[in-house]
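Participant: Protein chains in written order, with the numbering used here: chain A, 1 to 167; chain B, 1001 to 1498.
Glycine is no exception: its CB is placed at the ideal position from the N, C-alpha and C atoms.
These numbers come from a predicted model, not from an experiment.
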Amino acid sequence: MDHDLSETRGWRARFDVLRGASPVIDLIGCAVLFAIFWVYLSSALALPAPLNNVDIGAGGFPRLLAIATLIAIVAMAASALYRLLDSVPVSWVSVRRPVNVAITVVILIIQSIYFEQLGMLVSVLVFSVATMAACGERRILHLIGVPLALAAFIYTVFVLALHVNLP
Amino acid sequence: MLANLALGFSAFADPMVWGALVFGALVGYLIGAIPGLGPSLGVALLIPFTYGVDPVVSIVGLVALYAAAEYGGAITAVLINSPGTAAAVATAWDGYPLTQQGRAGEALTVSIVSSGVGIFVSTGLLILTAVPLSEFALNFGPGEYFGLALVGLSLVAGLSDGSPIKGMVAMGIGLAMATIGLDVQIGVPRFTGGNYELFEGLPLVPVLLGLYALSEVLFMIEDGASAKIKSAAVGGLTSVPYFALKGLKTVILRSSILGYVIGVIPGAGASIASFVSYAVTKRFSKTPELFGKGSLEGVASSEAANNSAVAGAMAPLLALGIPGSATTAVMIGALMVQGIQPGPLLFTRSPEIPYTVFASLWVGVPVMIFIGLAGARVWAQVANIPRPAIAAIVAGICFVGAYSSETTMFPVHVMTVCGILGYVLRKLGVPLAPIILAMVLGEMMETNFRRALISNKGEWDIFYTSPLTVLLLVIAFLAFALPGIAAMRARKARAATA
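1) Report buried or exposed for residue 1450/B, applying the criterion of at least 16 other Cβ atoms within 10 angstroms of its Cβ.
2) From which residue to which residue does the beta strand (DSSP E) around residue 17/A run?
3) Suppose the cutoff is 6 Å on Cβ atoms and the five residues either side in sequence are ignored; what does the same chain contact list for residue 1351/B look like?
4) Going by beta carbon distance, what residues of the same chain come within less than 7 Å of residue 151/A, once the five residues before and after it are set aside?
5) For chain A, find out if any of its Cβ atoms is closer than 8 Å to the Cβ of residue 1058/B; answer yes or no.
6) Which class does residue 1429/B belong to by DSSP, given the choice of helix, strand or coil?
7) Nearest CA to the CA of residue 1254/B: which residue from 1279/B, 1292/B, 1093/B?
8) Taking buried to mean at least 16 other C-beta atoms within 10 Å of its own C-beta, is residue 82/A buried or exposed?
9) Between the stretch 134-159 of chain A and chain B, which residues of the former have CB atoms less than 7 Å from a CB of the latter, in chain order?
10) Could you check where the alpha helix (DSSP H) with residue 1254/B kicks off and where it finishes?
11) For residue 1310/B versus residue 1066/B, is the C-beta spacing smaller than 8 Å?
12) At least one CB of chain A closer than 8 Å to the CB of residue 1446/B: is that the case?
13) Short check: CB of residue 1205/B to CB of residue 1337/B, under 8 Å?
14) Is it buried or exposed for residue 1/A, if we count other Cβ within 10 angstroms and need 16 for buried?
15) Give me the Cβ distance between residue 1200/B and residue 1410/B, rounded to the nearest whole Å; I'm assuming they're in contact under 8 Å.
16) So with Cβ pairs under 8 Å, would you call residue 55/A a contact of chain B?
17) Report yes if the C-beta distance between residue 1151/B and residue 1476/B is below 8 Å; otherwise report no.
18) Counting only Cβ pairs nearer than 8 Å, list the residues of chain B close to residue 86/A.
19) List the residues that DSSP assigns as beta-bridge partners of residue 95/A.
20) Whole beta strand (DSSP E) runs in the stretch 1125-1150 of chain B with 3 or more residues, listed along the chain?
21) Please name the residue, chosen from 77/A, 135/A, 143/A, that lies closest to residue 96/A on a Cα-to-Cα basis.
22) Spatial neighbours of residue 1281/B within its chain, please: C-beta separation below 6 Å, excluding the five flanking residues on both sides.
23) Inspect the CB distances between the stretch 1187-1196 of chain B and the stretch 1452-1460 of chain B and report whether three or more fall short of 8 Å.
24) Does DSSP put residue 1343/B in a helix, in a strand, or in coil?
25) Rank 1341/B, 1443/B, 1403/B, 1487/B by C-alpha distance to the C-alpha of residue 165/A and give the top, closest one.
26) Contact between the stretch 1105-1123 of chain B and the stretch 1437-1451 of chain B: three or more CB pairs below 8 Å?
27) Along the chain, where does the alpha helix (DSSP H) containing residue 1096/B start, and where does it finish?
28) Using a Cβ-Cβ cut-off of 8 Å, state whether residue 90/A counts as contacting chain C.
29) Buried or exposed, going by whether 16 or more other CB atoms sit within 10 Å of the CB of residue 1366/B?
30) For the alpha helix (DSSP H) containing residue 1398/B, list its first residue and its last residue.
31) Could you list the residues in the stretch 89-111 of chain A with a C-beta less than 8 Å from some C-beta on chain B, going in chain order?
32) Would the stretch 137-147 of chain A and the stretch 1305-1325 of chain B be scored as touching if the rule is three or more Cβ pairs under 8 Å?
33) Could you please give the first and the last residue of the uninterrupted alpha helix (DSSP H) stretch that includes residue 1363/B?
34) Say whether the stretch 1042-1056 of chain B touches the stretch 1079-1088 of chain B, bearing in mind that this needs 3 or more beta-carbon pairs closer than 8 Å, one atom from each stretch.
35) Looking at the structure shown, is residue 1/A part of a helix, part of a strand, or coil, going by DSSP?
36) May I ask you to verify whether the stretch 26-46 of chain A touches the stretch 59-76 of chain A, counting CB pairs closer than 8 Å and requiring at least 3?
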């Protein structure tokens, strides 16, 4: 972020974009994926042995898959390292409005926990308003009208037409 | 074949089928016209609306949506230089300059008519090729089926956006997700962490909704509330002289055939079809200097090809059970929800399904041309629907759709996790199409892999003694190797010029 801009525009401008060099982000991603597939391989190795000599058993295919994917992850990491050290300028991975994205992730998680307790209508109404607000909508008419129309549409189609039992 | 085709057309005696066709077409146009939303997301979002609906009605709606989304992508490409889908990028190269010259109506008419003719021609090719292909596939053994699934996956992973290595990682993630649950042969729970809800594996529909639709919501949040786009006035929608359209017939026909052939290749898809067709048309054109400045030939070639690719992508899906694109991978999930397993046996066990698809593609042509031309002014305004409203609608349908799939909270949790995972993976440049494809094909791949070994008494030579299996495995290897080599060469060239 530009220094002068951050001083004049406050915290919103300072945190408006999160950026990271693509190879660095790739390396972090590779580390996480490597750990996941290592656990996957360990679990595959712990699966029961085949019942006879002609089958590879429940763990055979996952073992082959884990090894192939781990090789691909190492190759991806090697490619990222090569790009990092290469003379060609690296590309960037950016997340715009990261605070809003993080808030939306939290909204989605809360909705997935309380969807059944709140019921479909309340859940759709409340969380649609929250999602729209996180997306930058400030017009009151839109914030009220869209969730109401959406809830009515979902109720008509799923409950009345398709006879789905919604909470 | 003719009797089965008549069976397909007879489905249209049911008004519900017509309703599904029109509804699918309208939603498809809507999705296609909104930049950033593609047919994959549209089909994924439509799946919850097919619960409890007759399979034939569902499949007609889904196919109509898929085709209409490709039509719709052209409208915003022509009018506001903002292609609704990736396949409409080449359309914008000439469509928008025509709009700037005050010829928006001509460009739209040519694009929509070319799309319709493209679908019409390619459906004929689909009927001629899919049936023999399915009959040929009936002779496949488990080794060949394993090889075939691997080829489909490798081509999609190798040709997808980003590097082939990331495509391979995506394939690994998808296959790993497919192995979760009870082992199909000896019933041992795998990678379930003791959670009995995972014994049947990860539910496909919530995974689709999460990866394709919910992750898109987070990208919309990044965009924020965007400003309105001013679109050009649309006049003279029917003012294209007949001789102008007649003069384009060779271009449209050639592009339709090319688009179909490219569409059949797993991973190639509508975007590549439109680019290749555009380049070929420019090469054979008498006025190549007009390309990029407002050539009707350019618009026609791109649109005929990208719509033909829709029918092309249906061929491996229906005949072999191998989805060749992200959208057909999502569609196979929709078919599975209806208890339909695409593949060679579909043509003998449930001929009404593939033949209704063929019939709906043909019947859909005049319907979509009418909707496209009559509603051109409306579709042009669709890009102005506020992003926050779209985000809320997509998220709401995702939650209700996931819950409705099993009427429990488990699919909702899976969908939310997959939504966040999809966003992170897309940021990392890991393509989502191979993940979905691998999830869909994973069980079939593993089952045939193990069957092949068991049938050969545990000897691995079954994978290198059958000529067809060897050919398929070589193609699978080349699918990764060739794009990888091309990417390395391109990087070296960039380094040399840097």
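Facilitator: Looking at the atomic coordinates:
1) Buried.
2) 17-21
3) 1004
4) 121, 124, 125
5) no
6) In the structure shown, the three-state DSSP call for residue 1429/B is coil.
7) When only C-alpha atoms are compared, the closest one is 1279/B.
8) Classification of residue 82/A: exposed, given that the 10 Å Cβ count is below 16.
9) 134, 135, 136, 137, 142, 146, 147, 150, 154, 157, 158
10) Where residue 1254/B is concerned, the enclosing alpha helix (DSSP H) stretches over 1249-1264.
11) yes
12) Chain A contact via Cβ: present.
13) yes
14) In this prediction, residue 1/A scores a pLDDT of 42, lower than 50, which makes its location untrustworthy; no coordinate-derived value is stated.
15) Not really, about 10 Å apart at Cβ, beyond 8 Å.
16) yes
17) Yes, the Cβ-Cβ distance between residue 1151/B and residue 1476/B is below 8 Å.
18) 1491, 1495
19) 18/A
20) The qualifying runs do not exist here; there are none.
21) 135/A
22) 1251, 1297, 1301
23) no
24) coil
25) Of the candidates 1341/B, 1443/B, 1403/B, 1487/B, 1403/B places its Cα closest to the Cα of residue 165/A.
26) Taking one beta carbon from each stretch, the stretch 1105-1123 of chain B and the stretch 1437-1451 of chain B have fewer than 3 pairs nearer than 8 Å; the two do not touch.
27) 1089-1100
28) The structure shown contains no chain C; its protein chains are A and B.
29) exposed
30) 1387-1406
31) So the close ones are 89, 93, 95, 96, 97, 100, 101, 104, 105, 108, 109, 111.
32) no
33) 1352-1374
34) no
35) Confidence at residue 1/A is low in this model, with a pLDDT of 42, below 50, so the placement of that residue should be treated as unreliable; the coordinate-derived value is given next. Coil.
36) Output reads yes: the stretch 59-76 of chain A touches the stretch 26-46 of chain A.
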